[in-house]
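My numbering applies: residue 2 is where the sequence shown begins, and numbers increase by one. Structure, as structure tokens:
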Amino acid sequence: MPGSPFNDEKLSDTQRATLYQKYGLDKPIIVQFFKYVVNIFRGDFGVSYNISKNTPISQLIKLRLPVSIKIGFQSVFIGAIIGLLLGIVAAIWHNSIWDRISTLISVLGVSIPSYVFALALSYQFGFKMRLFPMLYTDRQLFASTVLPSISLCMFTLASIARFTRTEMLESLNSDYMLLAESKGIYGFRLIYRHALRNTLIPIITVLAPLIVDLMTGSLVVEKIFSIPGVGSLLVTAIQSNDYSVVIALSFIYSAMYIGIMLAVDILYGIIDPRIRLSNGGKEQ
């Protein structure tokens, strides 16, 4: 991107050169890169150039990341549980009124952006009914996260409900379900131990990237509820060319994504033993 962290017109060329030298930006790119990588593994992400001058970036992230993770975790939990239940109900009572209601909720959740839900919830439950704070406040930590969590969970809820319904229908109509029924397995045990277990693998695959997206913050929802999260920090850093903050947040996003996908691979083997590798590496 054009420009630099020091775009202030009041700065002279000499002052700007002094700042470049102070922060090591006058050195070749390859030198800056390797120095930055070494510092990252020491836990040093550098300092902010513009957002909070000379403040360690680790301190900025430490204050904001827990807020985004908390709201993101609540969103994932609510969306996954309700979406799973809706999908199961829609599959078990296929082509019934419950199936149509579940499908309608899924379509609305996928089609309507999260910020529309955020504005509607804020107006109805925050402004009119005054059940929850309209803006994030430290005095009401849990209550302040309810509306943002519900706003963010709708897309996850809809996606999980759709995939659960599709995969559950396939499982219910499969030959191994007929075999289980012929052995006298019915009701909750049949659904839980046989149908649901085989349904979870594609659901977890879909859920994994959504977890990272939600836990790293949603800019629009954070702006609506004035949440001091990392989503708004990233956009502010990009707008002000605060390179160190942008790179640090990108590194954290990447690390979280890799960690989540590793956890998903481990869960595959726990849910379905057929996926585990044998000692000889011949069976998968």
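From the three backbone atoms N, C-alpha and C, an ideal C-beta is built for every residue, glycine too.
Item: Return helix, strand or coil for ALA18, following the three-state DSSP convention.; Value: helix
Item: By the three-class DSSP mapping on this structure, what secondary structure does PRO57 have?; Value: strand
Item: Enumerate in chain order the residues of its own chain whose CB-to-CB distance from HIS95 is below 7 angstroms, with the five nearest sequence positions on each side excluded.; Value: LEU170
Item: In its own chain, which residues sit with a C-beta less than 6 angstroms from the C-beta of THR157, not counting the 5 before and 5 after it?; Value: GLY80 and LEU211
Item: Taking the beta carbon of LEU235 as the centre, do at least 16 other beta carbons fall within 10 Å, making it buried, or is it exposed?; Value: buried
Item: Could you compute how far the alpha carbon of GLY185 sits from the alpha carbon of SER112?; Value: 42 angstroms
Item: Are there 16 or more other CB atoms within 10 angstroms of the CB of VAL246, so buried, or fewer, so exposed?; Value: buried
Item: Does the contact criterion of 3 or more C-beta pairs under 8 angstroms hold for the stretch 105-119 versus the stretch 217-234?; Value: yes
Item: State whether the stretch 70-78 contacts the stretch 46-60, with contact taken as three or more CB pairs (one from each stretch) at a distance under 8 angstroms.; Value: no
Item: Restricting to Cα atoms, I'd like to know which of ALA249, GLY260, ILE31 and ASP176 is closest to ARG43.; Value: ALA249
Item: For the putative contact between LEU201 and ILE93, defined by C-beta atoms under 8 angstroms, what is the C-beta separation to the nearest angstrom?; Value: In fact, because the Cβ distance is near 16 angstroms, the residues do not count as touching under 8 angstroms.
Item: VAL48 bridges to which residues according to DSSP?; Value: PRO57
Item: Does the count of Cβ pairs from the stretch 98-109 and the stretch 162-179 closer than 8 angstroms reach three?; Value: yes
Item: Reducing DSSP to helix, strand and coil, say where PHE40 ends up.; Value: This sequence places Asn at residue 40; Phe is not what is there. In this structure, ASN40 counts as helix in the three-state DSSP scheme.
Item: So GLY88 and ALA196 are supposed to be a Cβ contact under 8 angstroms. How far apart are they, rounded?; Value: Not a contact, Cβ separation roughly 11 angstroms.
Item: Exposed or buried, GLY25, counting other C-beta atoms within 10 Å across all chains shown (16 or more means buried)?; Value: exposed
Item: Using 9 angstroms as the threshold, is the C-beta distance between LEU109 and ILE204 below it?; Value: no
Item: Quick check on ASP243: buried or exposed, where buried means 16 or more other Cβ atoms within 10 Å of its Cβ?; Value: buried
Item: What does the Cβ neighbour count give for PHE133, buried or exposed, with the cut at 16 atoms within 10 Å?; Value: buried
Item: Looking at the secondary structure, which residues open and close the alpha helix (DSSP H) in which ILE113 lies?; Value: Per DSSP, ILE113 belongs to no alpha helix (DSSP H) and is neither H nor E.
Item: So is ILE267 buried or exposed if we call it buried at 16+ other beta carbons inside 10 Å?; Value: exposed
Item: Here's a check: name, in chain order, each residue in its chain whose Cβ is nearer than 8 angstroms to the Cβ of GLY281, leaving out the five neighbours to either side.; Value: Confidence is the limiting factor: at GLY281 the pLDDT is only 46, short of 50, which leaves the residue's position unreliable, though a coordinate-based value still follows. Nothing listed; no residue qualifies.
Item: Could you check how far apart the C-beta atoms of MET262 and ALA181 are, in whole angstroms? I think they sit under 8 angstroms.; Value: Contact doesn't hold; Cβ gap of about 32 angstroms is too wide.
Item: Going by beta-carbon coordinates alone, are PHE46 and ILE62 separated by less than 9 angstroms?; Value: yes
Item: May I ask you to report which of helix, strand or coil DSSP gives TYR124?; Value: helix
Item: Residue range of the alpha helix (DSSP H) that ALA209 falls in?; Value: 198-216
Item: Report the option in PHE126, VAL90 and LEU215 whose CA atom is closest to the CA atom of SER145.; Value: PHE126
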